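Protein chains in written order, with our numbering: chain Z, 871 to 1104; chain G, 8 to 426. All C-beta atoms, glycine included, are put in the ideal place defined by N, C-alpha and C. On a predicted model such as this, the values are computed, not experimentally measured, just so you know. The structure under discussion appears below in the form of structure tokens.
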């Protein structure tokens, strides 16, 4: 079987922050490739650089040195607006704290990436409804986030991530604010998404969560410590 | 730059943000409200003065030219005018009869401070001696009776056409026609009452009477008086032609040497235009100064609250950027919000302005009996409202620029981390 195309290709990137007089090396010479259809967990203790790497992968930030090519495009030198376009089109974010707009209904939250993509109103609504139905929230799409449970909020966030049909889904501690039963439901949802063909990248510090992925990349002190396939999925 | 969907999203966000902070928004717009009220009041005042001016100017008639010894507008060297020779009756009559381009041209002589007596009532006013043709000018149109006739001109009959105020004083219940009043002790029969003309500083017009020139000569004498020639050009377009002809003829009649200055003045209603323009400019400068000040204060308030809004919504900006909002999108979102804030200010200001305008007019007309104010509209004109809206939106956009710029430049990673 021919190998799937490389979506994420990071070569020797580093990230240096200047904090006062001190220079902090959040990432030192990290290289990583992720192919379409993979299910990868990025693991590491706090301070390991995994958040920095996630920001980099999500095109929220650019490396100090090295190259990052996303689906064949060099994003390490792109400006803010080009990065915004890539995030809008190719990356679906799922955050630990959900990051929904509190005053907008679930439907409006899910529509938002399509607004920025320039999709017309009626198609926007249709696609947002479809995405919400796919995560099992067809009944609650007119509720505001504060009228939904944590698990439901995270489902809205997932629907928002999926609605643009992105190349990758990037989930940062997606179960961190959920009880374990709801967390399991969310992980099942990610598993289903992966099985239906999506590329999923999980950022987590919990072994239990990371075990759902098929490949685990461990970071320590800004370096890749190990990069192994995971066969013992739950 | 941004799509229609993004713009309508921006408007939706701005409205919802405003509604969730309604009290704060309303308080913030205070400066803008004052600014808009001032713009509207200034515009209304200038419009009102224009209306009063228009009405005033129509009393004498826009197409009227007066050839006089004196200059109405002043400003020239008074002593120099004093050395001019009086315009004699012959000169005035000659000019009147020679002028070809004008519709009407008549000699005119005036005595100020004449006494008018009717039974035990006595008042003072001006007596004008002129000829029958003057009756066709706006200043001498009668509402009752008639102006004198060419026969009365020729005979120098002791007939009088009285001004509105004089008729009202002597004959409060009407019936002036056929009655007799004494002018400087001589009896004159009232044959006509001039329409009410007095208005603003033209009030003296209602306090004068017209008698035939010959009667003026025989009863009041012509010593120490200077004649005028009243010319009705016919229409405003003819003014230049008529003026040129009158100047040429008069220089000839008074044998002014070529190259020497005219030894007479050409007076037109236009002479007052400069004064009216000065008043207008004065109001405009003061109004503009206050307006700019109010908008400046207002825009600082708006800018301040927009900075607060940007800070409060840092997280939201981060989320929007993460899911694909470009810089321009965020910029427009906050500009729309700031403009909307000012628009709210303008809308709050309108009822205030209307109330002020309506009560100002009510005070002037009904309380202080300032008759000129009736020419002024009690409503704010639509075009002023549109100007006020446009100005406030522009102020909003300018005031929102710095906060919106800051919002658009936020780093998404840091913005997302903000709690």
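Would you grab the beta carbon distance between residue 182 of chain G and residue 216 of chain G for me? Rounded to a whole angstrom, and I think it's under 8 Å. Numbered from 1 along the second chain, position 175 holds the residue referred to as residue 182 of chain G. Numbered from 1 along the second chain, position 209 holds the residue referred to as residue 216 of chain G. Between residue 216 of chain G and residue 182 of chain G the Cβ distance is about 17 Å, and since that is not below 8 Å, they are no contact.
Which chain Z residues are close to residue 358 of chain G, counting only those with a beta carbon under 7 Å from its beta carbon? Here the question's residue 358 of chain G lines up with position 351 in the second chain. In chain order: nothing, as chain Z lies at least about 30 Å away.
Run the CB neighbour count on residue 1078 of chain Z, radius 10 Å, all protein chains shown included, and call it buried at 16 or more, exposed below. Taking the first residue of the first chain as position 1, residue 1078 of chain Z is located at position 208. Sixteen is the threshold: since fewer than 16 other Cβ atoms of the shown chains lie within 10 Å of the Cβ of residue 1078 of chain Z, the residue is exposed.
Using the Cα positions of residue 137 of chain G and residue 93 of chain G, report the straight-line distance between them to the nearest angstrom. As a first step, residue 137 of chain G must be located in the second chain, where it is residue number 130. As a first step, residue 93 of chain G must be located in the second chain, where it is residue number 86. Going from the Cα of residue 137 of chain G to the Cα of residue 93 of chain G covers about 17 Å.
Excluding the 5 residues preceding and the 5 following residue 67 of chain G in the sequence, name in chain order all residues of the same chain whose CB lies nearer than 6 Å to its CB. Working through the second chain from its first residue, we reach residue 67 of chain G at position 60. Annotation for residue 67 of chain G: 146, 276 place their beta carbon closer than 6 Å to its own, counting only its chain and skipping 5 residues before and after.
Give me the Cβ distance between residue 239 of chain G and residue 71 of chain G, rounded to the nearest whole Å; I'm assuming they're in contact under 8 Å. Reading the second chain from its first residue, position 232 is the one you call residue 239 of chain G. Reading the second chain from its first residue, position 64 is the one you call residue 71 of chain G. Confirmed, about 6 Å.
Look up residue 871 of chain Z in the DSSP assignment and say whether it is helix, strand or coil. Counted from its first residue, the first chain places residue 871 of chain Z at position 1. Low confidence applies to residue 871 of chain Z: its pLDDT is 47, below 50, so where it sits in the model is not reliable enough to give any reading.
Leaving out the 5 sequence neighbours to the left and right, which residues in its chain are closer than 6 Å to residue 124 of chain G when beta-carbon positions are compared? The residue labelled residue 124 of chain G in the question sits at position 117 within the second chain. Excluding positions up to five away in sequence, the list reads 189.
Given 8 Å, three or more beta-carbon pairs between the segment 59–66 of chain G and the segment 316–335 of chain G: Taking 8 Å as the limit for Cβ pairs, the verdict is that the segment 316–335 of chain G does not touch the segment 59–66 of chain G.
Under 7 Å between beta-carbons, which chain Z residues line up against residue 329 of chain G? List them in chain order, please. Working through the second chain from its first residue, we reach residue 329 of chain G at position 322. Near residue 329 of chain G (Cβ distances below 7 Å), the residues of chain Z are 930, 957, 963.
Neighbouring residues, chain G, relative to residue 941 of chain Z (Cβ below 8 Å): Position 71 of the first chain, counted from the first residue, corresponds to residue 941 of chain Z. Simply none; closest approach about 16 Å.
Cβ of residue 1146 of chain Z within 8 Å of Cβ of residue 1041 of chain Z? Nothing can be reported for residue 1146 of chain Z, as the shown portion of chain Z is limited to 871 through 1104.
What would DSSP say about residue 965 of chain Z, mapped onto helix, strand or coil? For the purposes of this step, residue 965 of chain Z is taken as residue 95 along the first chain, with counting starting at 1. Three-state DSSP puts residue 965 of chain Z in coil, outside helix and strand.
Using CA coordinates, which residue listed in Z:912, Z:1052, Z:1055, Z:961 is at the minimum distance from residue 1093 of chain Z? Locating residue 1093 of chain Z in the first chain gives position 223, where the first residue counts as 1. Among Z:912, Z:1052, Z:1055, Z:961, the Cα nearest to that of residue 1093 of chain Z is on Z:912.
Consult DSSP for residue 195 of chain G and reduce its assignment to one of helix, strand or coil. Residue numbering aside, residue 195 of chain G sits at position 188 when the second chain is read from its first letter. In the structure shown, residue 195 of chain G sits in a strand (DSSP, three-state: E or B).
So is residue 871 of chain Z in contact with chain G if we call contact Cβ pairs under 8 Å? For the purposes of this step, residue 871 of chain Z is taken as residue 1 along the first chain, with counting starting at 1. For residue 871 of chain Z, the predicted model reports a pLDDT of 47, less than 50, meaning its position is unreliable; a value from the coordinates is still stated below. Chain G, which has no Cβ nearer than 8 Å to the Cβ of residue 871 of chain Z, makes this no.
Nearest-angstrom Cα separation, counted from residue 113 of chain G out to residue 140 of chain G: The residue you call residue 140 of chain G lines up with position 133 of the second chain. The residue you call residue 113 of chain G lines up with position 106 of the second chain. Straight-line Cα distance between these residues: approximately 7 Å.
If the cut is a Cβ gap below 7 Å, which residues of chain G does residue 1046 of chain Z touch? Position 176 of the first chain, counted from the start, is the residue given in the question as residue 1046 of chain Z. At a beta-carbon threshold of 7 Å, none of the residues of chain G lie near residue 1046 of chain Z; the nearest stands roughly 15 Å away.
For residue 871 of chain Z, does the count of other Cβ atoms within 10 angstroms reach 16, so buried, or fall short, so exposed? Here residue 871 of chain Z is taken as the residue at index 1 of the first chain, counted from 1. Because the pLDDT at residue 871 of chain Z is just 47, under 50, the model does not fix this residue reliably, and the value given afterwards should be weighed accordingly. With fewer than 16 other Cβ atoms within 10 Å, it is exposed.
What are the start and end residues of the alpha helix (DSSP H) that includes residue 1020 of chain Z? Here residue 1020 of chain Z is taken as the residue at index 150 of the first chain, counted from 1. Taken as a continuous stretch (DSSP letters only), the alpha helix (DSSP H) holding residue 1020 of chain Z covers 1020–1032.
Among the residues of its own chain, which have a CB less than 7 Å from the CB of residue 242 of chain G, if the five just before and after it don't count? Walking along the second chain from the start, residue 242 of chain G turns up at place 235. Excluding sequence neighbours, residue 242 of chain G sits near 70.
Taking only three categories from DSSP, how would you classify residue 179 of chain G? Residue numbering aside, residue 179 of chain G sits at position 172 when the second chain is read from its first letter. Looking at residue 179 of chain G - three-state DSSP - the assignment turns out to be coil, as it is neither helix nor strand.
Going by other Cβ atoms of all chains shown within 10 Å of its Cβ, with 16 needed for buried, is residue 107 of chain G buried or exposed? Translated into the one-based positions of the second chain, residue 107 of chain G becomes position 100. Around the beta-carbon of residue 107 of chain G, fewer than 16 other beta-carbon atoms lie within 10 Å, marking it exposed.
Hey, which unbroken runs of the alpha helix (DSSP H) at 4 residues or more fall wholly within the segment 297–381 of chain G? 321–329, 334–369, all fully within the segment 297–381 of chain G.
Residue 332 of chain G versus chain Z: which residues are under 7 Å apart at the beta carbon? The count along the second chain starts at 1 and reaches residue 332 of chain G at position 325. The contacting residues are 954, 986.
Segment contact, 8 Å Cβ cut-off, at least three pairs: the segment 352–360 of chain G with the segment 39–49 of chain G: Touching, yes, given that three or more Cβ pairs across the two stretches are closer than 8 Å.
Would you say residue 969 of chain Z faces chain A, with C-beta separation under 8 Å as the test? In the displayed structure, chain A is absent; the protein chains listed are Z and G.
What's the gap between the Cα of residue 34 of chain G and the Cα of residue 925 of chain Z? Locating residue 34 of chain G in the second chain gives position 27, where the first residue counts as 1. Locating residue 925 of chain Z in the first chain gives position 55, where the first residue counts as 1. Distance between the alpha carbons of residue 34 of chain G and residue 925 of chain Z: 40 Å.
Answer yes or no: does any C-beta atom of chain G fall closer than 8 Å to that of residue 933 of chain Z? Here residue 933 of chain Z is taken as the residue at index 63 of the first chain, counted from 1. No Cβ of chain G is located within less than 8 Å of the beta carbon of residue 933 of chain Z.
Chain G contacts from the segment 901–926 of chain Z (Cβ-Cβ distance under 7 Å): So the close ones are 925.
Grab me the residues of residue 1026 of chain Z's own chain with a C-beta within less than 8 Å of its C-beta, minus the 5 sequence neighbours each way, in chain order. Residue numbering aside, residue 1026 of chain Z sits at position 156 when the first chain is read from its first letter. Excluding positions up to five away in sequence, the list reads 968, 970, 976, 979, 980, 1002, 1005, 1007, 1015, 1018.
Can you tell which of G:319, G:191, G:148, G:105 has the C-alpha that lies nearest to the C-alpha of residue 129 of chain G? Stepping through the second chain from its first residue, residue 129 of chain G is reached at position 122. Closest by alpha carbon: G:191.
Would residue 991 of chain Z count as contacting chain G if we go by Cβ distances under 8 Å? As a first step, residue 991 of chain Z must be located in the first chain, where it is residue number 121. Residue 991 of chain Z counts as touching chain G.
Taking 8 Å as the cut-off, does the segment 336–348 of chain G touch the segment 405–416 of chain G (at least 3 CB pairs, one atom from each stretch)? yes
Measure the C-alpha to C-alpha separation of residue 996 of chain Z and residue 387 of chain G and round it to an integer number of angstroms. Stepping through the first chain from its first residue, residue 996 of chain Z is reached at position 126. Stepping through the second chain from its first residue, residue 387 of chain G is reached at position 380. A direct Cα-Cα distance of roughly 47 Å separates residue 996 of chain Z from residue 387 of chain G.
Look up residue 388 of chain G in the DSSP assignment and say whether it is helix, strand or coil. As a position in the second chain, residue 388 of chain G is number 381, starting the count at 1. Here residue 388 of chain G sits in coil by DSSP.
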